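Numbering (our numbering) for the sequence shown: 406 to 704.
Idealized CB from N, CA, C, for every residue including glycine.
No experiment lies behind these values; they were computed from the predicted model shown.
Here's the structure we're looking at; comments come further down.
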Amino acid sequence: MPSDTKAGFVALIGAPNAGKSTLINQLVGTKVSIVTHKVQTTRSIVRGVAMNGTAQIVFIDTPGIFKPKRRLDRAMVDTAWGGARDADVIALLIDVRKGIDEEVESILKRLKGQTAPKVLVLNKTDVADREKLLKIAQAANENIEFEETFMISALTGDGTQQILDYFSSKVPDGPWLYPEDQPSDLPLRILAAEITREKLFERLHQELPYISTVETERWETKKDGSARIEQTIYVERDSQKSIVLGKKGQTIKQISQASRSEISDIIEAPVHLFLFVKVRENWADDPERYREMGLEFPK
406 MPSDTKAGFV ALIGAPNAGK STLINQLVGT KVSIVTHKVQ TTRSIVRGVA
456 MNGTAQIVFI DTPGIFKPKR RLDRAMVDTA WGGARDADVI ALLIDVRKGI
506 DEEVESILKR LKGQTAPKVL VLNKTDVADR EKLLKIAQAA NENIEFEETF
556 MISALTGDGT QQILDYFSSK VPDGPWLYPE DQPSDLPLRI LAAEITREKL
606 FERLHQELPY ISTVETERWE TKKDGSARIE QTIYVERDSQ KSIVLGKKGQ
656 TIKQISQASR SEISDIIEAP VHLFLFVKVR ENWADDPERY REMGLEFPK
């Protein structure tokens, strides 16, 4: 480890689908957070570790902040603000196509009470004109005095190096918190379950409620280096189970193939993936499920 190292935490907050997961994967340089078109898919705090020179930046990808309706929603929003409280820098990400809507206004109000330095990141600049970007930046900065404003495209990576350089200058001096080749603190079993959940939502975006979940029940490393993984997809009703299975099992087969391929790329070894679908009614009211996701169970 070099002698002049720095390390610290940066919390990415924003409304659902602002692009936080896409950005964290781009900054870290590999997949650590799932990305889907379905809102509210990041549930727990995902820490992605980026190296930039002698600085180690630990990005906290928080659940999207929205108006909670159910217990799981409340836990996710509480977790997001908890991540912001513990950070050295808070970055508010705004989808410029949506601008400052009701959800962003609500975040801006609560953000005023946070003591950490704050920066504004306008995302999806590849699909917005400069005049619109400047208007959003001005309106946001009238609410809160951000230390810096960045305009980026998380999808293409445009502008993301400037963000890394800025955060590197803001994190405190100190030893690295993780090995320099470790991109995330997520255990592989959880990351693998998240990847399957991503493929589930990609395949059944309209048909399946986001409350469905995936758990890795068994992970066995074989003598040849391959991994045998058993996962269970939990849904709340029998009707949802048949949707996941699909006609003659075709849907779950496609989900399994897509997930197996991506898990194999990440662990750099062959993967034998076995998926099961079970009904677990009212799992969103079970404190044990929250602990597994790293969420506080709200009363």
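When secondary structure is reduced to three states using DSSP, T427 falls in the helix class. One Cα belongs to R490, the other to P588, and the distance between them is close to 22 Å.
Non-local C-beta neighbours of K517 in its own chain, meaning closer than 8 Å and more than five positions away in sequence, comprise N548, I549, ordered along the chain.
The criterion of a C-beta distance shorter than 8 Å is satisfied by G504 and I541.
Taking each of E508, G654, I672 in turn and checking the Cα distance to N422, the smallest one comes out for E508. Taking the Cα positions, A598 is about 6 Å away from T621. V684 counts as exposed, since fewer than 16 other beta carbons sit within 10 angstroms of its beta carbon.
Within the same chain, and ignoring the five residues on either side of D643 in sequence, the residues whose Cβ sits closer than 7 Å to its Cβ are V684. Setting aside the 5 residues that flank it on each side, S647 has no residue in the same chain whose C-beta is closer than 7 Å to its C-beta. Of all C-beta pairs linking the stretch 408 to 422 to the stretch 549 to 560, fewer than three are shorter than 8 Å, placing the two stretches out of contact. L678: member of the beta strand (DSSP E) spanning 676 to 684, first to last residue. For L596, the enclosing alpha helix (DSSP H) covers residues 593 to 608. Counting only runs of 3+ residues, the beta strand (DSSP E) found wholly inside the stretch 531 to 582 occupies 553 to 556, in chain order.
The three-state reading of DSSP puts D500 in strand, counting E and B together.
In the DSSP annotation of this structure, A663 is not part of any beta strand (DSSP E); the continuous alpha helix (DSSP H) holding it starts and ends at 655 to 672. Going by beta carbons, Q636 and L678 fall inside the 8 Å limit. About 15 Å separates the CB atoms of V682 and I634; that is not less than 8 Å, and the two are not in contact. One thing to note: K411 has its Cβ within 8 Å of the Cβ of S573.
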